[in-house]
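K.L.:
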């Protein structure tokens, strides 16, 4: 096993600063970067955490999800999808900060057999 002398193998992530939050608010009606809405999504039922997200986005359409994902990909901001937060494994926790994509208001989904 080779050892790496620098940290070039570690992914560096972009920050969800006020400019990015403004862009997210232009995409989605509900974007939170402080308060109870953010704190609630820093934990789930796993007992791990809290891991504070930099913001929470609550899209209502597939188009909003796509736009959020494009923006976060371009800015290298980690995204954690989240449903009700009832998971016991910690999979919905934003361990690297970034954006929590709360899908609880997303009502339009299309499931395709071949996908």
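In this note's numbering, the protein residues as written are 497 to 611.
C-beta: ideal position from N, C-alpha, C; glycine also.
This one's a predicted model, so the numbers in the text were calculated from it and none came from an experiment.
Using the beta-carbon count (16 or more within 10 Å), is residue 569 buried or exposed?
P.N.:
On the chain shown, position 73 is the one that residue 569 refers to. Exposed: under 16 other Cβ atoms inside 10 Å.
K.L.:
Are residue 542 and residue 594 touching if we call contact CB-CB under 9 angstroms?
P.N.:
For the purposes of this step, residue 542 is identified with residue 46 of the chain shown, where counting begins at 1. For the purposes of this step, residue 594 is identified with residue 98 of the chain shown, where counting begins at 1. Going by C-beta atoms, residue 542 is not nearer than 9 angstroms to residue 594.
K.L.:
Does residue 592 come out as helix, strand or coil in the three-state DSSP assignment?
P.N.:
If you number the chain shown from 1, residue 592 lands on position 96. The answer is coil: DSSP assigns residue 592 none of H, G, I, E or B.
K.L.:
How big is the Cα-Cα spacing for residue 608 and residue 554?
P.N.:
In the chain shown, counting from the first residue as 1, residue 608 sits at position 112. In the chain shown, counting from the first residue as 1, residue 554 sits at position 58. If I take the Cα positions, the gap works out to 23 angstroms.
K.L.:
Along the chain, where does the beta strand (DSSP E) that runs through residue 490 open and close?
P.N.:
Missing from the structure shown is residue 490; the chain here goes from 497 to 611 and no further.
K.L.:
Helix, strand or coil, according to DSSP, for residue 597 in the structure here?
P.N.:
Translated into the one-based positions of the chain shown, residue 597 becomes position 101. Here residue 597 sits in strand by DSSP.
K.L.:
With burial defined as no fewer than 16 other Cβ atoms inside 10 Å of the residue's Cβ, what is the status of residue 588: buried or exposed?
P.N.:
As a working mapping, residue 588 is identified with position 92 in the chain shown. Result: buried.
K.L.:
Which of helix, strand or coil does DSSP assign to residue 551?
P.N.:
Taking the chain shown and counting its residues from 1, one reaches residue 551 at position 55. Strand.
K.L.:
Based on DSSP bridge pairs, tell me the residues matched to residue 509.
P.N.:
Looking up residue 509 in the chain shown gives position 13. Answer is none; residue 509 lacks a bridge partner.
K.L.:
Can you check which of these residues, 582, 564, 579, is closest to residue 572 by C-alpha distance?
P.N.:
As a working mapping, residue 572 is identified with position 76 in the chain shown. Of the candidates 582, 564, 579, the one whose C-alpha sits nearest the C-alpha of residue 572 is 564.
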